[in-house]
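One structure below.
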Amino acid sequence: MDTICKRDQVARQHYIVQHLHLSNAMTYTQSEAMMRRYRAQSRLALERLICDEVCDAAATHAVAERTKEFRL
2 MDTICKRDQV ARQHYIVQHL HLSNAMTYTQ SEAMMRRYRA QSRLALERLI
52 CDEVCDAAAT HAVAERTKEF RL
């Protein structure tokens, strides 16, 4: 009976250790995924800002060109 209790205790400890390893791996994976998502969102926001600036510059340039044509 004592041997069975020790075996069960070792099995429980092994299970707990494996569960902790898995939990740590999942936490790391989730945090990595969150960081990748954050970087992607930051990159998209930066691209949108750059695009807005380029579009604004293009619009300003187009208005200036139209103004030149109108003056002629």
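Heads up: the sequence shown begins at 2 in the working numbering, then just goes up one per residue.
Cβ atoms here follow ideal geometry from the backbone N, Cα and C, with glycine treated the same way.
For clarity, every value in this text was computed on a predicted model and none was experimentally measured.
- The straight-line gap separating the alpha-carbon atoms of C6 and H20 is approximately 21 Å.
- Within the model, the alpha-carbon separation for D9 versus I17 is close to 12 Å.
- M27 carries a helical assignment under DSSP once its states are collapsed to helix, strand and coil.
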